[in-house]
Structure formats: structure tokens, C-alpha cells
Ligand code: EPU
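Numbering (our numbering), first residue to last: 75 to 509.
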């Protein structure tokens, strides 16, 4: 670990120091999406043969999912740059170790694939970020409709079914994880599953396309009504698939320009996957120009002075994702005017607000609303990253703060961000990682 003069958090794991400085300028390659790659890796359990996943981000959660798959007896090679190769075949167990499962929420995505392929699965109740209760009742109800039986004990969920059969399932809320578990179970089930009220996030679409590449029959991809014709137990085949670019990492760099000024060319950012967010930041005063480079998509984001406050509420896709919200509140913290941000997915997802207030932000919470009154500048101090997205927001806040902002809890950022510090450094940010 390098040493940092004068820091008070050096003993608490890796940390980052940020100073506001000159406007950002240059190109940033947007990495593949965490919330897609982990699901693609979990769904590899459905295949016989080699599954190749390109554009995989270099993040800790990918390493955890690789270990989870290895624990099932699959061979996983994380090949640089950005290629994960999984040799899928018969798993040696359907009970991955609790200490791995508990490390991230995406472990729950093993439920559908293991159950449908092997007729049984036992999982510790998955962990993940600490922003309130995250039940799996919709996953359970959907799989039960397909014939699964569930047993819960204090720390585990166990499901079994000789054969899953197609079913008509209606969700009253478009849960991302439950949609993914129903789809990955239905692709090997006997008969047709119709899922109404499905989640439509770009990462769900990416998973469906990946499964179709492996030979699954799915109609209605990208809509709220998915029709899946199961193979009747026959495993899927090999595939080579490129992970969809990460709209939340892209949004992080957009927020960095919003508070620092300048212009960034974001290679591979997909405007179509973040339309509502781009509309809102345009209303805040950023200029967003979609561009095409050699056939791939990208965006140029340009600051034209201080940002304006606007009200924002989170909603399932195509609305503003809850994962953007810490970034939105951070931008609003230094905007001209006041705004109300409403959280409609995770009422408890406001923990980072205390940290922003420590930096001088004027944010008041009332239930699932935050009233943000913009101030001219934040003031650097020591803050903590409580989860992945909150951690990224602290980095952006540091870019908007006078003096030094020291962020601990960086291991959370590492779970979902592929070299956030290096990417920001490369476009001129004054940011250093220690440890
Ligand atoms: N919900 C239920 N019952 C269920 C499933 C969900 O009540 O059976 C509720 C949840 O408690 C929550 C809401 O429905 O209030 C949304 O949950 P959803 O199932 O859509 O979310 P998820 O699959 O658990 C994924 C992402 C989250 C992201 C949400 C919403 C992964 C691994 N996680 O979670 O991402 O916030 O969708 O878009 O894909 C992150 O990446 O930092 C992150 C937290």
C-alpha cells in the first residue's frame, strides 16, 4: 500500500483521495455491465460445451461468480482482457458454499438454472448491498407455478422438482431477478411459459439474447410479455456473447462531467439503454450527443456550466433506475435550485445521504423522498462508501468538493466498477487510490 500523508483512514482497507480540479477531458471506454455478466455466468449452468463471454468487466463480483461456478464443478477461465470462458457440463453439486453465495445478491440467479437442469438446488439466502429487505417471494411463487417445491430454514432456501413445466405467470411488479430466474428455468422446462409483467432492463434483454444464442426459444424479448418454449430438459449449447455496456458506469462518468465541467467521449455507451437518464441530465443542462465510432455506439457529454435542479423519481426500466439515484442526488447537491428525489424501489436506499451531508450537501429525507437544495461547493472530508453505487457517488462528490475527500469502503466500489479511479485519472481527474 502506498502511504498518504495526513490521512486518517489508512487502517480501514483501501481508500481513495479525490480533489476537485480542472475540467475532465478525453475518452473513456465503458466496460460491460455487472448486472448482465453475473447473470450470463450463472446461466452458463444450462449449457453443455464452452461458453465465451466477452466484454466482461474486471470487477470483484465476476471473480466471486467464477468461484461459485467452480464450486459446482465447472471450469472457469477469466482471460484478459475481458473474456470469461466457462466449460459447462455436468455439475458435481447443486449446493454452492454459503460463504460465496452470501457475498452477493446475484448468487440468487443460480436458483432457476440449477433447479431446471438438475431438479434440485440448495442456496444460502443471498447477500448483497445493505439497503433494506430484499425478499425473493416472486422468484419462489413463479417457480412454484412451474411445479417447484420450496423449503426454507434459517439461512437456506432449497427447491426441488422432478421436471419443471411451462406455466402462465403474472408479475404485479417487474422484478429484475425474478424475471431472470423464471426465464432461465423456463428455457429447459417442459412446455411453454408465458411471463406477463416481466422486467425489461437492458441487462434482462442481454440475458435473453445470450440464451437464444445458446439455442433457447424466447419471444417478446425487451417487452413485458415473454414467451418461452422449453427444451424439455435438453441442455443448451455453447455460445460466444458480448456483454452489454454498463449504463450505470456510463452514468457515473456523466455525473463526473456534470460536477467537474469539460467534455468526455464515452466509447460504447448506449444512448438507447439510458434514454430517460439522458433526458434528465439534458434538462439539468448537460449536452449529450450520441456518436457512432467504427460501428459501435458512444456518447459525447459536454458541460455548459452549472447544472440546474430538477425533480427525479426512480422507477423500473424504462424509468430512471434506482442505481442512478446516488449519482443524481450528488449532482443535485451542487445544482442551481432545489429538487425532490423520490425512491420507489428500495425505500431504505438513502444511507449515503449522511455522507453527502458530511461533505456539506443540504439534503433532507422524508420517507422515500429526499429534498436536495443545491449549494455552490461541497467541502472535502472523510466519508465512507456503504455500497457500490453510493461509493461511486462519493467519488463524484469528491470531484465537487473543495479540499481533499477521502473515501473508505472502496471494496464496495471494486465489486461493480472496472477501474473507476484509473478511468477518471486518464481524463484528468485528481484522484488516487491507496491500497
Ligand atoms: N422484490 C420483492 N420480491 C421479490 C423480488 C423483488 O419484493 O421476489 C422487490 C425488492 O425488494 C425491491 C424491488 O422488488 O424493492 C426490486 O427488486 P428487483 O428484483 O427488481 O431487483 P434485484 O434483481 O434484486 C437488481 C440489481 C440491482 C438493482 C435492481 C433494480 C442485480 C444483481 N441487482 O436487483 O442492482 O438496483 O435490480 O433495478 O442485478 C447494484 O447493481 O448495485 C444493484 C443493487
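Glycine is no exception: its CB is placed at the ideal position from the N, C-alpha and C atoms.
What residue does the beta strand (DSSP E) around residue i start on, and which one ends it?
i           : result
residue 508 : 504 to 508
residue 144 : No beta strand (DSSP E) contains residue 144, which is instead part of the alpha helix (DSSP H) from 134 to 145.
residue 443 : 443 to 447
residue 175 : Per DSSP, residue 175 belongs to no beta strand (DSSP E); it is in the alpha helix (DSSP H), 172 to 175.
residue 243 : 242 to 244
residue 91  : 89 to 93
residue 488 : That residue, residue 488, is in no beta strand (DSSP E); its alpha helix (DSSP H) goes 484 to 490.
residue 128 : 123 to 128
residue 211 : No beta strand (DSSP E) holds residue 211; the alpha helix (DSSP H) holding it covers 211 to 219.
residue 270 : 266 to 270
residue 381 : Unbroken run through residue 381: none, as it is neither H nor E.
residue 435 : Element bounds for residue 435: n/a, residue is neither H nor E.
residue 104 : First-last for residue 104: undefined, no H or E at that position.
residue 168 : It is not in any beta strand (DSSP E) - residue 168 carries neither H nor E in the DSSP assignment.
residue 158 : 157 to 162
residue 223 : 223 to 226
residue 149 : 149 to 153
residue 456 : 456 to 458
Tell me, please, whether the CB atom of residue i is closer than 9 Å to any CB atom in chain D?
i           : result
residue 118 : The structure shown has no chain D; it contains just one protein chain.
Verify the contact flag: residue i, CB atom, against every heavy atom of the ligand EPU, threshold strictly below 8 Å.
i           : result
residue 246 : no
residue 403 : no
residue 64  : Nothing in the structure corresponds to residue 64, since the chain is present only between 75 and 509.
residue 221 : no
residue 490 : yes
residue 186 : no
residue 289 : no
residue 138 : no
residue 416 : no
residue 273 : yes
residue 208 : yes
residue 277 : yes
residue 419 : yes
residue 412 : no
residue 392 : no
residue 469 : no
residue 462 : yes
residue 112 : yes
residue 326 : no
residue 395 : yes
residue 151 : no
residue 256 : no
residue 211 : yes
residue 322 : yes
residue 510 : Here the chain comprises residues numbered 75 to 509, so residue 510 is not present and cannot be evaluated.
residue 484 : no
residue 129 : no
residue 134 : no
residue 109 : yes
residue 125 : no
residue 261 : no
residue 318 : no
residue 231 : no
residue 214 : yes
Between which two residues does the alpha helix (DSSP H) containing residue i stretch?
i           : result
residue 255 : 250 to 260
residue 497 : 494 to 500
residue 469 : 462 to 473
residue 110 : 108 to 117
residue 232 : From DSSP, residue 232 is part of no alpha helix (DSSP H) but of the beta strand (DSSP E) over 230 to 234.
residue 191 : 185 to 192
If contacts are defined as beta-carbon pairs under 8 Å, then residue i and residue j qualify, I think. What distance do you get, rounded to the angstrom?
i           : j           : result
residue 478 : residue 91  : 6 Å
residue 316 : residue 128 : 5 Å
residue 490 : residue 246 : Residue 490 to residue 246, Cβ: 28 Å. No contact.
residue 231 : residue 262 : Going by Cβ atoms, the distance from residue 231 to residue 262 rounds to 20 Å, so no, they are not a contact pair.
residue 322 : residue 398 : 7 Å
residue 510 : residue 485 : The displayed coordinates of the chain run from 75 to 509. Any statement about residue 510 would go beyond what the structure contains.
residue 454 : residue 97  : Contact doesn't hold; Cβ gap of about 18 Å is too wide.
residue 104 : residue 468 : Rounded, the Cβ-Cβ distance is 20 Å, inconsistent with contact.
residue 332 : residue 498 : At roughly 14 Å, the Cβ-Cβ gap does not stay under 8 Å, so residue 332 and residue 498 are not in contact.
residue 452 : residue 408 : 6 Å
residue 141 : residue 174 : 6 Å
residue 254 : residue 286 : Going by Cβ atoms, the distance from residue 254 to residue 286 rounds to 14 Å, so no, they are not a contact pair.
residue 311 : residue 264 : With 8 Å as the limit, residue 311 and residue 264 do not qualify as a contact, their Cβ atoms being about 19 Å apart.
residue 120 : residue 258 : 7 Å
residue 219 : residue 113 : Residue 219 to residue 113, Cβ: 21 Å. No contact.
residue 319 : residue 466 : At roughly 16 Å, the Cβ-Cβ gap does not stay under 8 Å, so residue 319 and residue 466 are not in contact.
Can you give, in chain order, each stretch of the beta strand (DSSP E) that sits fully within the region 287 to 374 and has at least 3 residues?
291 to 293, 299 to 303, 313 to 316, 336 to 341, 361 to 367
Complete alpha helix (DSSP H) runs within the region 389 to 432 (minimum length 4 residues, chain order)
399 to 407, 427 to 432
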